[in-house]
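Below is one structure, written out as structure tokens; comments come after it.
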Amino acid sequence: MYEISAKLSTTAAMNRITDTVKSQAVDSFLLQRQALQTKYECDRLEQYQKSDNLRIYGLEEESEESEEELERKVIELASNIGVNLQADDISVVHRLGKLRDRERSVIVRFCRRRKRNALLYKRKELKKNNAKVFINEDLTPLRSAMRQMMKEQPGVKNETTRNGKVVAWLTDDPNRAIEINIPDDLSKVGLVTPDWKRLRMDHIVWESTA
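Counting from 1, position 58 in the sequence shown corresponds to residue 38 in this note's numbering; the numbering is continuous, with no gaps.
What follows is the structure, given as structure tokens:
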């Protein structure tokens, strides 16, 4: 009788431990999902705040360049591709990062989104002129990383951004646009498990569920 009672007690204890572990696993999963949703909502709001911005890459940089000189270069670039841009159309313009050997990228915030969109639309003229200057939307770090990961997928034929959203077309389905808004969407282009560290989200997504 003693042995049977001991076995029953042990079984009951193991069941309680198992139930506790399962409960903690569920709580951990729910906490992670909540953290992810918070991260995605913050990213969405951050991207919205960038709606009036553009980034320009490859614009010649001079030593001790003033803000007025940089503004003039942006206006001249716009004129070269058929966009009439004036100083009062620009709210803020400055270089990003520290001085280095190559030109730093430029961030431009526009007073009028219409002007921003006009310059973005006409950027295709830069390719026609074989210019080494590129104009892109100003993306959040998360969206920039997702875009880079997407471009690395062998099945992706083409990609771009639309109003802060990353968009892809696949080689085997070139007529269907695929939007990438959160890391889970990368599975649509063949990336089932993203590199959470590259996305700077490894502190949120734990290895057991990544």
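Beta carbons are placed, not taken as given, at the ideal position from N, Cα and C, and that holds for glycine.
Treat the numbers as computed from the prediction; the structure is a model and nothing was measured.
Within this structure, are the beta carbons of residue i and residue j separated by less than 7 Å?
{"i": "V169", "j": "V136", "result": "yes"}
{"i": "D23", "j": "T120", "result": "yes"}
{"i": "A125", "j": "E139", "result": "no"}
{"i": "K253", "j": "D118", "result": "This structure does not reach residue 253, given that the chain is present from -19 up to 190, and the question cannot be answered."}
{"i": "L150", "j": "P163", "result": "no"}
Using DSSP bridges, identify the partner residues of residue i.
{"i": "L34", "result": "V88, E117"}
{"i": "L150", "result": "V136, D153"}
{"i": "T197", "result": "In this structure the chain extends from -19 to 190, so residue 197 is not present and cannot be described."}
{"i": "V72", "result": "R89"}
{"i": "E47", "result": "Note: E47 sits in no beta bridge, so no partner."}
{"i": "E159", "result": "V147"}
Return the residue from the list the options that minimises the CA-CA distance to residue i.
{"i": "R75", "options": "I55, R35, A58, N60", "result": "R35"}
{"i": "S71", "options": "G77, E47, E41, N64", "result": "E47"}
{"i": "K95", "options": "Q66, L79, F114", "result": "Q66"}
{"i": "V133", "options": "V54, D175, A15", "result": "According to the sequence provided, residue 133 is Gln. The question's Val does not apply to it. The candidate whose alpha carbon is nearest that of Q133 is D175."}
{"i": "R123", "options": "A15, W149, Y20, F9", "result": "Y20"}
{"i": "L100", "options": "L79, N64, K78", "result": "N64"}
{"i": "N110", "options": "C91, L10, N60", "result": "N60"}
{"i": "Y28", "options": "E42, R93, S167", "result": "R93"}
{"i": "M129", "options": "I160, K107, R82", "result": "I160"}
{"i": "R142", "options": "K131, D153, A157", "result": "A157"}
{"i": "E56", "options": "I162, D164, L106", "result": "L106"}
{"i": "D81", "options": "E49, K108, C91, S43", "result": "S43"}
{"i": "K131", "options": "A15, L166, L25, N155", "result": "L166"}
{"i": "G144", "options": "K108, N97, G77", "result": "N97"}
{"i": "L79", "options": "N155, D152, P154, E45", "result": "E45"}
Since residue i and residue j are thought to touch, with beta carbons under 8 Å apart, how far apart are those beta carbons, to the nearest angstrom?
{"i": "G38", "j": "K112", "result": "5 Å"}
{"i": "N33", "j": "I87", "result": "6 Å"}
{"i": "Q12", "j": "V185", "result": "7 Å"}
{"i": "R84", "j": "E41", "result": "6 Å"}
Might you give, ordered along the chain, the residues of its own chain that have their beta carbon closer than 6 Å to the beta carbon of residue i, omitting 5 neighbours on each side?
{"i": "R127", "result": "V146"}
{"i": "K104", "result": "none"}
{"i": "C91", "result": "D69, S71"}
Only counting the same chain, and skipping five residues up and downstream in sequence, which positions put a Cβ closer than 8 Å to that of residue i?
{"i": "E226", "result": "Look at the range of the chain in this structure, -19 to 190, and you will see that residue 226 is not part of it."}
{"i": "G77", "result": "R84, S85"}
{"i": "A15", "result": "I184"}
{"i": "D152", "result": "G135"}
Under 7 Å Cβ to Cβ from residue i, same chain only, skipping five residues before and after it: list those, please.
{"i": "A58", "result": "L65, L99"}
{"i": "L171", "result": "M129, Q133"}
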